[in-house]
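Heads up, the thing below is written out as structure tokens.
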Amino acid sequence: QKSHQYVRGARGSVHSMLVCRVCLGNPYLIEGNLLSGSAMHDLCACQDPSEYLESLAEDWGVANGHDSYYVKGQSGSQKLGLGVQNSEYIVFQPFQILPLYRVDYQP
């Protein structure tokens, strides 16, 4: 159901979604809320997110070689617009994603 939130289309029309294989590498854990609603929205690479977060779940280190973010869902305890309800992964490089097939459906 979370994936459907990202799908756009007219009501009653056929919607499409891609099912992909994703290489996460070594994800960096993010728990908690962002400092502002627009924080991290312009990041183009996996980099130290500490300046955007209220608190850190783990220390950032270049030697750790993080390739993606794992944002842990807060199940309703997130601040409005500053956290996520459901857990999600974020990758930055196109070569980390392999589309497998398209699913067409009508909600």
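Mapping to my numbering: the sequence shown position 41 is 1216, numbers consecutive.
Ideal placement from N, C-alpha and C gives every residue a C-beta, glycine not left out.
For this session: Spell out the partners DSSP gives arginine 1277 in its beta bridges.
Result: Leu1193
Exercise. Along the chain, where does the beta strand (DSSP E) that runs through tyrosine 1244 open and close?
Worked result: 1243-1246
Exercise. Taking Cβ to Cβ, would you say histidine 1241 is nearer than 8 Å to asparagine 1208?
Worked result: no
Problem set entry | Burial state of cysteine 1221 (16 or more Cβ within 10 Å) | buried
Exercise. Is the number of C-beta pairs between the stretch 1208-1218 and the stretch 1227-1240 that are closer than 8 Å three or more?
Worked result: yes
For this session: Starting from the Cα of glycine 1251, find the closest Cα among Ser1243, Gln1260, Gln1271 and Cys1198 and give me that residue.
Result: When each option's Cα is compared against that of glycine 1251, the closest is Gln1260.
Exercise. Where does proline 1269 fall in DSSP's three states?
Worked result: helix
Exercise. Cβ atoms of cysteine 1219 and glutamine 1271: under 8 Å apart, would you say?
Worked result: Taking 8 Å as the cut-off, the beta carbon of glutamine 1271 is found no closer than this to the beta carbon of cysteine 1219.
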